[in-house]
Structures are given as C-alpha cells and as structure tokens.
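Chemist:
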Ligand SMILES: [Zn+2]
C-alpha cells in the first residue's frame with residue numbers, strides 16, 4: 010500500500026509527537042488553539058480564529074501567538090496553508106485526500122469543492138520523482154453571490170438607461 014494513502018493520526022497526537030521530536034515545550038496554548046481551530050470545520054484566517062478563540066477558548070492568547078502557532082502547525086503538517094493574494098487562509102490537515110477550492114477574484118472568498126469532485130479531478134495526477142504530500146487544486150473565477158450581484162447591477166443599469174431614453178424621447182415629442 011502507498012504510504013501516502015495511510016490515514017493520518019489525530020491532530021493532537023501529531024502535535025505531541027512534533028513537540029517531542031523537536032524538543033519544544035508542551036504549552037497549553039498550542040493545544041487550546043488546536044482545539045478551537047477544530048471547531049472551525051472549514052477554511053479560516055487568523056482573524057476568524059481570533060473570533061473563535063474569543064468565543065470558545067478557555068483562555069485568551071495574542072494574535073502573535075496564534076500566528077506563530079499556525080507556522081508551527083504548518084511545519085508539523087497539521088494544517089494546509091493557502092497562500093492567497095489576500096490574507097493567508099488555513100485549514101486543518103486531517104487527511105490526505107485531494108482537495109479543490111474556488112477563489113472568487115471579485116470578493117476574494119475561498120470555498121471548498123466537494124471531496125468527490127476533487128478526487129475525480131486529481132486522483133490520477135502523479136508527478137514522477139516527486140514525493141507528493143497533498144494535492145490541491147485552485148479554481149479561479151466569480152462566485153455565485155458575486156454573479157447574482159453583477160446581474161442585479163446590470164439590470165439596474167439597463168433600467169436607468171431605458172428611463173433616460175424614455176425621457177429623451179418624451180422631450181423630443183413635446
Ligand atoms: Zn465573490
């Protein structure tokens with residue numbers, strides 16, 4: 010069996026192992042941040058995590074601590090870091106399934122595409138001589154909300170133009 014296909018150990022255990030292997034202190038902050046991050050269930054930014062910490066954490070930590078902890082989590086393979094043009098987005102790395110995301114270039118929102126769709130698109134993608142850890146696909150475009158907003162704005166513009174035309178025609182007639 011392919012080594013990469015093995016399921017990943019629980020996040021807490023992986024953090025404990027990383028801390029042990031790197032002779033780091035087993036600080037309660039790291040475990041609390043991880044516990045709260047697990048409540049996010051989806052992609053989150055540092056700001057999102059700060060909000061979650063305010064609501065659910067047993068004690069508060071600084072933004073700097075969260076940022077540094079995210080870097081540690083990333084090094085430990087606990088999170089996926091989405092390096093986007095806007096703020097960095099994070100996601101807990103609970104499995105090695107292929108993942109796909111849509112990124113709206115109008116509102117900068119990022120959303121996860123269903124796992125089955127991502128699997129279908131990426132399962133056969135293999136790169137020779139490269140030890141693949143994660144397969145991530147980014148699809149850039151315009152999200153549903155922005156499409157609706159754009160349609161509404163286009164309609165409004167058209168109505169205004171029609172009104173202007175009618176006014177012009179009316180004036181011509183009189
Ligand atoms: Zn959008």
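Residue numbers (the working numbering): 10 to 183.
Every residue gets a Cβ at the ideal spot worked out from N, C-alpha and C, and that includes glycine.
1. Looking only at DSSP bridge pairs, what is residue 113 linked to?
2. Using a Cβ-Cβ cutoff of less than 6 Å, which residues in the same chain neighbour residue 152 once the five nearest sequence positions on both sides are dropped?
3. Who pairs with residue 120 in a beta bridge, going by DSSP?
4. So, for residue 177: in the same chain, excluding its five sequence neighbours on each side, which residues have a beta-carbon less than 8 Å away from its beta-carbon?
5. I'd like to know if the stretch 105 to 112 and the stretch 127 to 147 are in contact, where contact means that at least 3 CB-CB pairs between them fall below 8 Å.
6. According to DSSP, what are the bridge partners of residue 90?
7. Do residue 150 and residue 111 have their beta-carbon atoms positioned less than 9 Å apart in this structure?
8. Can you say whether residue 160 is buried or exposed, counting buried as having 16 or more other CB atoms within 10 angstroms of its CB?
9. Please work out which residues of its chain come closer than 8 Å, Cβ to Cβ, to residue 57, disregarding the five sequence neighbours upstream and downstream, and give them in chain order.
10. Our contact map puts residue 54 next to residue 120 with C-beta atoms below 8 Å; I'd like the distance itself, whole angstroms only.
11. Taking any heavy atom of ligand 1 as the mark, which residues have a C-beta closer than 7 Å to it, listed down the chain?
12. Report, in whole angstroms, the separation of the C-beta atoms of residue 20 and residue 43, which I expect to be a contact under 8 Å.
13. Output the boundary residues of the alpha helix (DSSP H) element that contains residue 65.
14. State the DSSP-derived secondary structure class of residue 145, mapped to helix, strand or coil.
Modeler: Taking the structure as given:
1. 150
2. 113 and 118
3. 111
4. none
5. yes
6. 99
7. yes
8. Residue 160 is exposed by the Cβ-count criterion.
9. Leaving aside the five residues that flank residue 57 on each side, the residues in its chain whose CB is nearer than 8 Å to its CB run, in chain order, 49.
10. Not quite, the Cβ-Cβ distance comes to about 14 Å (not below 8 Å), so this is no contact.
11. 113, 115, 116, 118, 151, 152, 154 and 155
12. Right, the Cβ-Cβ distance comes to about 6 Å (below 8 Å), so this counts as a contact.
13. Here the alpha helix (DSSP H) through residue 65 covers 55 to 65.
14. strand
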